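Input: a single structure, listed below in structure tokens.
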Amino acid sequence: MKERLQQFVRFLSQERAMSRSTVESYERDLSMFIAYGARQGLKAPEQIEKHHIAAYLLYLKQNGRAVATISRSVSSIRAFFKYLVNERVTANDPAAHMSAPKQEKKLPHVMTKGEVERLLASPPSDTPGGLRDRAMLELLYATGIRVSELISLDSDHVNPEMGFIRCTGAGGKERIVPIGRLAQAAVALYLSSAREHYAKPGRKESGLFLNHLGTRMTRQGFWKIIKKYARESGITKEITPHTLRHSFAAHLLENGADLRSVQEMLGHADISTTQIYSQVMKPRMKDVYDRTHPRAK
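The sequence shown begins at 7 in the working numbering and counts up one residue at a time.
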């Protein structure tokens, strides 16, 4: 089945235009499933029945896999067999009506506005690295884009004068996101004063944010950058690039933005994904009420 898996991977990458990280997740999940099946003597798709998949999911659970991992595996297996049926590799779809285990919805971690201010003020303003890092942090918080979208930006995807960026999200969908005055200024300053410090002579690199090698900033590189400035700004809670995305959405809603606009800026296909940020705001609303309503105490 490994050959069928590689065909499926090419299908996801070329025809569905899924991101590399998403395709890798599918491939990783299905490689584990196929390896498990091989140990049970299952070498062809038509040999697999629903009880085999159920046994595999039980195997994952017994080996301490998280509910989210098992749920993702179900989605991967379903997509794989749907593809095999559509390609007429097999007429049997044992995963067709298989449901994923319900996941407990955890509220996203959100920074306070004060913490955001401290983080964004941390990079030095008199070095190329500081100008680059501040531009990345400002842009991430100003737009709420994913870190994968941030590092995928090309120089011509950003228009600081007009105040918007053009980014490509999940499934290759392109969207236009506005950026605020401070982020515009930070990006413009980086482009005029710092990017050329990283660009290598004779090498054409279209990426907006570059590393010391003169190539596009990596996810790991940016992860280290945000960890460094979180430490330097005295933030003790766990901070990741996605924390700024969560904070962007929560702070917009807190200040009166409508849910549909936030959904569009985040690039969420389903508004229910965006609604979780409303849950984050409920404890804060109660605190504001208790502090300000004359008959709350």
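Built from N, CA and C at the ideal position, the CB exists for glycine as well.
Keep in mind that this is a model prediction, so the values were computed, not measured.
Return helix, strand or coil for residue i, following the three-state DSSP convention.
i	result
isoleucine 171	strand
glutamate 260	helix
leucine 305	Since the first residue shown for the chain is 7 and the last is 303, residue 305 is missing from the structure and cannot be characterised.
arginine 225	helix
leucine 159	coil
leucine 48	coil
methionine 7	coil
aspartate 139	helix
arginine 34	helix
arginine 78	helix
isoleucine 151	coil
aspartate 104	The sequence given here places methionine at residue 104; aspartate does not occur at that position. It is coil, neither helix nor strand.
arginine 94	coil
glutamate 211	coil
isoleucine 241	coil
histidine 274	coil
valine 116	coil
glycine 70	coil
threonine 246	coil
proline 134	helix
serine 267	helix
glutamate 121	helix
glutamate 55	coil
serine 25	coil
serine 19	helix
alanine 205	coil
serine 199	helix
lysine 230	helix
For residue i, which residues of its own chain have a beta-carbon under 7 Å away from its beta-carbon, when the five flanking residues on both sides are left out?
i	result
alanine 236	Leu125, Ile245
glutamate 364	This structure cannot speak to residue 364, because the chain is shown only from 7 to 303.
leucine 18	Met24, Val29, Tyr32
tyrosine 62	Phe39, Tyr42
arginine 184	For the record, residue 184 in the displayed sequence is proline; it is not arginine. Correct list, in chain order: Gly169, Phe170.
glutamate 55	Pro100
From the DSSP output, which residues share a beta bridge with residue i?
i	result
proline 184	Phe170
valine 164	Ile171
Near residue i, which residues of its chain fall below 8 Å by C-beta distance, leaving aside the five closest residues on each side in sequence?
i	result
leucine 11	Glu33, Leu36, Ser37, Ile40, Phe86
valine 15	Val29, Tyr32, Glu33
alanine 60	Met104
glycine 186	Ala148, Gly169
Can you name, in chain order, every residue of its own chain whose Cβ lies under 6 Å from the Cβ of residue i, other than the five neighbours on each side?
i	result
aspartate 139	Pro129, Ile231
proline 166	Gln190, Val193, Ala194
glutamate 180	Thr174
leucine 90	Pro51, Thr96
serine 79	Asp35
isoleucine 241	Glu121
Buried or exposed for residue i, please, with buried defined as at least 16 other CB atoms from any protein chain shown within 10 angstroms of its CB.
i	result
histidine 218	exposed
glutamine 20	exposed
glutamate 121	buried
glycine 175	buried
leucine 64	exposed
glycine 273	buried
threonine 249	buried
serine 328	Any question about residue 328 goes unanswered here, given that the chain covers just 7 to 303.
arginine 94	exposed
glutamate 155	buried
histidine 257	buried
serine 198	exposed
threonine 280	buried
methionine 168	exposed
glycine 178	exposed
Three CB pairs or more closer than 8 Å across the stretch 17-27 and the stretch 66-75: Here the stretch 17-27 makes no contact with the stretch 66-75; the two share fewer than three CB pairs at distances below 8 Å.
Cβ contact check for the stretch 207-214 and the stretch 228-235: 3 or more pairs under 8 Å: With the cut-off at 8 Å, the stretch 207-214 and the stretch 228-235 do not touch.
Touch test, the stretch 147-160 against the stretch 83-101, Cβ-Cβ under 8 Å, three pairs minimum: With a cut-off of 8 Å, the stretch 83-101 and the stretch 147-160 do not count as touching, because too few Cβ pairs lie within range.
Cβ contact check for the stretch 190-207 and the stretch 253-262: 3 or more pairs under 8 Å: Short answer: they don't touch.
Three or more C-beta pairs below 8 Å linking the stretch 182-196 and the stretch 142-158: Proximity of the stretch 182-196 to the stretch 142-158 meets the contact definition, three or more beta-carbon pairs being nearer than 8 Å.
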